[in-house]
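Peer 1: Numbering of the sequence shown is given in the working numbering, commencing with residue 26 and proceeding in unit increments.
The beta-carbon is built from N, C-alpha and C at its ideal position, and this holds for glycine as well.
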Amino acid sequence: MRNTFCKLLYTMIIGIGLFTAFSGGQMVQAQQRDDKKREAPVVDEKTGKIMNEAIELINTEQYDAARAKLSGLKLDTLSPYERSRVEQMQASIDHTQEKYDSARSHFQAAIAAGGLNEQELKDIQYVICQLYIIEERWKEGISCLEQWFRTVDKPNSAAYYMLAVSYYQIEDYERALAPARKAVELSEKPQESWLQLIVALYMQRNQYTEAIPVLERLITMVPDKKTYWLQLSSIYGEKEDYANALAVMEIPYNGGLLTDDSEYRRLADLLMVIGIPYRAAQVLVKGVELKKVKEDQKLLEKLANCWVAAREYEKAIGPLEKAAQMAGNGDLYVRLGEVYTQSESWDAAAKAFKNAFDKGGLKDPGNANLMLGISLYNQKKTKEALDWFKRASTSEKHKKTANGYIQLITNTQG
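Spelled out as structure tokens, the structure:
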């Protein structure tokens, strides 16, 4: 998740052109606007010619040629204003070529030269902060931004977002939340990633209730993005509000947005928790039919449990038989036998219990002994049944019931 926000932040910085005030023609335009607000600084004719030629080269993306052109100037002979502008152009070239350390050094040199007005100083300091962020030097970026915030009257929303992401990256979620919320507050139309960050921060702090309205806002923005539906459902689940968790999960399901195996299984689980097992089974069957859900042992067992809970015992048999064949021990054959007993299919039940013993590894062999005895007893196979009841009687857990059957058979035979 932290890498995701890092990529989104880098995209934002580049995408909205925060560096453009210091590159090419835009730099000249910005310079001209600033110069109108103050007495126009004097630029040496020869120096001005070289600077303009360098700008033309930058505009045509001839960066090495532009750098070579500027290197012909002797910085120690330039005025503070001229030197600041040259350093800015050098920084622009370095940034374009992703030489961020060098770009930052040139911007700092532009400040040190003393040829910038107050607003230009603030703008360049902001760009220096961005360079730290792009390089993922989070702590330095934080320090830089915090200092910059103290110099400006109305920080922009993007700056707050950068600060929030930086704190998030160093896992200081406590400090990240306030600037993240401020970024959204200041923006008439906050970006999706800004709201995502707030959700992530609330989740890190287990503030599930606070995350709900933010997720609802994201859903309104991008209703076709299933991630937010799933997150909202998950939050309701964490709050043990399973009715709302289910209601939210049903919407992307009905809209055909669910595509993953785990999503179908989660929806089925919620339906089971709410007490709608028949619908849970239908969801799993549909998932298998659409090839969204893998028909493995756990799925088949889950499907069988849904049908059993819905009292659809006949429908439970098929998936339970398949699951029992896949299983590493005989416990699912015991479960299959128990399902057969629900419909009094005693012969099929007895075969299932015997298969359980053949496969072995039973967690509760005493129960299997007892159930096999009951299945045989109901087929009037009392002698064979008595054998299994005697085995079951050695189990502390089942001996009372087993002894009852033993007594019943003994009395009948006597």
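When the distance is taken between beta carbons, is A329 closer than 8 Å to A352?
Peer 2: Reading the sequence shown from its first residue, position 327 is the one you call residue 352. Reading the sequence shown from its first residue, position 304 is the one you call residue 329. Cβ distance not < 8 Å, so A352 and A329 don't count as in contact.
Peer 1: Report yes or no: do the segment 259 to 267 and the segment 277 to 289 share at least 3 C-beta pairs separated by less than 8 Å?
Peer 2: The segment 259 to 267, when compared against the segment 277 to 289, does not touch it at the 8 Å Cβ threshold.
Peer 1: Buried or exposed for D321, please, with buried defined as at least 16 other CB atoms from any protein chain shown within 10 angstroms of its CB.
Peer 2: Looking up residue 321 in the sequence shown gives position 296. The residue in question, D321, is exposed, as its Cβ has fewer than 16 Cβ neighbours within 10 Å.
Peer 1: Roughly how many angstroms separate the alpha carbons of A272 and D294, rounded to a whole number?
Peer 2: Counted from its first residue, the sequence shown places residue 272 at position 247. Counted from its first residue, the sequence shown places residue 294 at position 269. Taking the straight line from one Cα to the other gives about 13 Å.
Peer 1: Below 8 Å on the Cβ atoms is my guess for I159 versus L188; work out the distance and round it to an integer in Å.
Peer 2: Start at 1 with the first residue of the sequence shown, and residue 159 comes out as number 134. Start at 1 with the first residue of the sequence shown, and residue 188 comes out as number 163. The pair is not a contact, with the Cβ atoms about 14 Å apart (cut-off 8 Å).
Peer 1: Where does the unbroken alpha helix (DSSP H) through S400 begin, and where does it stop?
Peer 2: Residue mapping note: residue 400 aligns to position 375 of the sequence shown, counting from 1. Note, S400: alpha helix (DSSP H), 390 to 402.
Peer 1: For K214, tell me which candidate among A225, T245, Y227 has the shortest Cα-Cα distance.
Peer 2: Residue mapping note: residue 214 aligns to position 189 of the sequence shown, counting from 1. It is T245.
Peer 1: Under 8 Å between the Cβ atoms of A375 and Y358?
Peer 2: Position 350 of the sequence shown, counted from the start, is the residue given in the question as residue 375. Position 333 of the sequence shown, counted from the start, is the residue given in the question as residue 358. Contact flag unset, no.
Peer 1: Does the Cβ-Cβ distance between L222 and L240 come in under 8 Å?
Peer 2: Counting from one through the sequence shown, the residue named residue 222 turns up at place 197. Counting from one through the sequence shown, the residue named residue 240 turns up at place 215. Going by C-beta atoms, L222 is not nearer than 8 Å to L240.
Peer 1: With distances taken between CB atoms, is the gap from A334 to M274 smaller than 8 Å?
Peer 2: Here the question's residue 334 lines up with position 309 in the sequence shown. Here the question's residue 274 lines up with position 249 in the sequence shown. For A334 and M274, no; Cβs fall outside 8 Å.
Peer 1: Which class does H423 belong to by DSSP, given the choice of helix, strand or coil?
Peer 2: Taking the sequence shown and counting its residues from 1, one reaches residue 423 at position 398. Reduced to three states, the DSSP call for H423 is coil.
Peer 1: Who are the Cβ neighbours of E403 in its own chain at under 6 Å, not counting the five residues just before and after it?
Peer 2: As a first step, residue 403 is located in the sequence shown; it is residue number 378 there, counting from the start. The displayed chain sequence assigns Asn, not Glu, to residue 403. The answer, listed in chain order, is W371.
Peer 1: Taking A375 as part of the alpha helix (DSSP H), name the residues at either end of that continuous run.
Peer 2: For this step, residue 375 is matched to residue 350 along the sequence shown. Segment 371 to 384, the alpha helix (DSSP H) holding A375.
Peer 1: Can you tell me whether DSSP reads S212 as helix, strand or coil?
Peer 2: For the purposes of this step, residue 212 is taken as the residue at position 187 of the sequence shown. Coil.
Peer 1: Give every residue of the same chain whose Cβ lies closer than 7 Å to the Cβ of S127, excluding the five residues on either side of it in the sequence, and list them in chain order.
Peer 2: For the purposes of this step, residue 127 is taken as residue 102 along the sequence shown, with counting starting at 1. Within the same chain, S127 has close Cβ partners D119.
Peer 1: Compute the distance between the beta-carbons of G139 and E107, then report whether it is under 8 Å.
Peer 2: In the sequence shown, residue 139 corresponds to position 114, counting from 1. In the sequence shown, residue 107 corresponds to position 82, counting from 1. Going by C-beta atoms, G139 is not nearer than 8 Å to E107.
Peer 1: Could you tell me how far apart the beta carbons of E363 and M396 are, in whole angstroms, since I believe they sit closer than 8 Å?
Peer 2: Here residue 363 refers to the residue found at position 338 when the sequence shown is read from its first residue. Here residue 396 refers to the residue found at position 371 when the sequence shown is read from its first residue. So it is a contact: roughly 7 Å between Cβ atoms.
Peer 1: So for T234, helix, strand or coil by DSSP?
Peer 2: Here the question's residue 234 lines up with position 209 in the sequence shown. In the structure shown, T234 sits in a helix (DSSP, three-state: H, G or I).
Peer 1: For I75, collect the residues of the same chain with a Cβ closer than 8 Å to its Cβ; drop the 5 residues on either side in sequence, then sort them by chain order.
Peer 2: In the sequence shown, the residue the question calls residue 75 occupies position 50. Taken in chain order, the residues that qualify are K94, L95, G97, L98.
Peer 1: Expressed to the nearest angstrom, what Euclidean distance is found between the alpha-carbon atoms of S117 and A79?
Peer 2: Stepping through the sequence shown from its first residue, residue 117 is reached at position 92. Stepping through the sequence shown from its first residue, residue 79 is reached at position 54. Answer to the nearest angstrom: the Cα atoms are 11 Å apart.
Peer 1: Assuming H423 and N380 make a contact with CB atoms under 8 Å, what is their CB distance in whole Å?
Peer 2: As a first step, residue 423 must be located in the sequence shown, where it is residue number 398. As a first step, residue 380 must be located in the sequence shown, where it is residue number 355. In fact, because the Cβ distance is near 20 Å, the residues do not count as touching under 8 Å.
Peer 1: Between the C-alpha atoms of A137 and N181, what's the straight-line distance to the nearest angstrom?
Peer 2: For the purposes of this step, residue 137 is taken as the residue at position 112 of the sequence shown. For the purposes of this step, residue 181 is taken as the residue at position 156 of the sequence shown. The alpha-carbon atoms of A137 and N181 are separated by roughly 25 Å.
Peer 1: Please identify the residue among L282, A417, V247, R291 whose C-alpha is closest to the C-alpha of S259.
Peer 2: Counted from its first residue, the sequence shown places residue 259 at position 234. Out of L282, A417, V247, R291, R291 has the C-alpha closest to the C-alpha of S259.
Peer 1: Going by beta carbon distance, what residues of the same chain come within less than 8 Å of I149, once the five residues before and after it are set aside?
Peer 2: Taking the first residue of the sequence shown as position 1, residue 149 is located at position 124. Excluding positions up to five away in sequence, the list reads F47, Q113, F132, A135, I136, L141.
Peer 1: Quick check on R336: buried or exposed, where buried means 16 or more other Cβ atoms within 10 Å of its Cβ?
Peer 2: Taking the sequence shown and counting its residues from 1, one reaches residue 336 at position 311. Exposed: under 16 other Cβ atoms inside 10 Å.
Peer 1: If I follow the unbroken alpha helix (DSSP H) through S368, where does it start and stop?
Peer 2: Counted from its first residue, the sequence shown places residue 368 at position 343. Per DSSP, S368 belongs to no alpha helix (DSSP H) and is neither H nor E.
Peer 1: If A410 sits next to G429, beta carbons under 8 Å apart, how far is it from one beta carbon to the other, in whole angstroms?
Peer 2: Within the sequence shown, the letter at position 385 stands for residue 410. Within the sequence shown, the letter at position 404 stands for residue 429. Contact flag wrong, Cβ pair sits at about 13 Å.
Peer 1: Taking 8 Å as the cut-off, decide whether the C-beta atoms of V177 and K147 are in contact.
Peer 2: On the sequence shown, residue 177 is found 152 positions in, with the first residue counted as 1. On the sequence shown, residue 147 is found 122 positions in, with the first residue counted as 1. Yes, Cβ-Cβ distance for V177 and K147 is below 8 Å.
Peer 1: Using a Cβ-Cβ cut-off of 8 Å (strictly less than) and excluding sequence neighbours within five positions of Q229, which residues of its own chain qualify?
Peer 2: Taking the first residue of the sequence shown as 1, we reach residue 229 at position 204. Y198, listed in sequence order.
Peer 1: Have a look at Y185, C154, A203 and flag the residue whose alpha-carbon is nearest the alpha-carbon of R129.
Peer 2: One-based indexing of the sequence shown puts residue 129 at position 104. Closest option to R129, Cα to Cα, is C154.
Peer 1: Beta-carbon separation of L202 and L220 under 8 Å?
Peer 2: Within the sequence shown, the letter at position 177 stands for residue 202. Within the sequence shown, the letter at position 195 stands for residue 220. Not a contact, by the Cβ cut-off of 8 Å.
Peer 1: CA-CA distance, E326 and W332?
Peer 2: Indexing the sequence shown from 1 puts residue 326 at position 301. Indexing the sequence shown from 1 puts residue 332 at position 307. If I take the Cα positions, the gap works out to 10 Å.
Peer 1: What does the Cβ neighbour count give for K251, buried or exposed, with the cut at 16 atoms within 10 Å?
Peer 2: As a first step, residue 251 must be located in the sequence shown, where it is residue number 226. K251 should be labelled buried.
Peer 1: Of the residues Q122, V67, T102, D69, which one's Cα is nearest the Cα of Q87?
Peer 2: Translated into the one-based positions of the sequence shown, residue 87 becomes position 62. Nearest C-alpha to Q87: Q122.
Peer 1: Please give me, in chain order, every unbroken run of the alpha helix (DSSP H) with length at least 4 that falls completely inside the segment 61 to 111.
Peer 2: Entirely contained in the segment 61 to 111, the alpha helix (DSSP H) runs reaching 4 residues are, in chain order, 70 to 84, 88 to 96.
Peer 1: Provide the residue span of the alpha helix (DSSP H) that contains P248, from first to last.
Peer 2: Position 223 of the sequence shown, counting from 1, holds the residue named residue 248. Careful: P248 lies outside any alpha helix (DSSP H) and carries neither H nor E.
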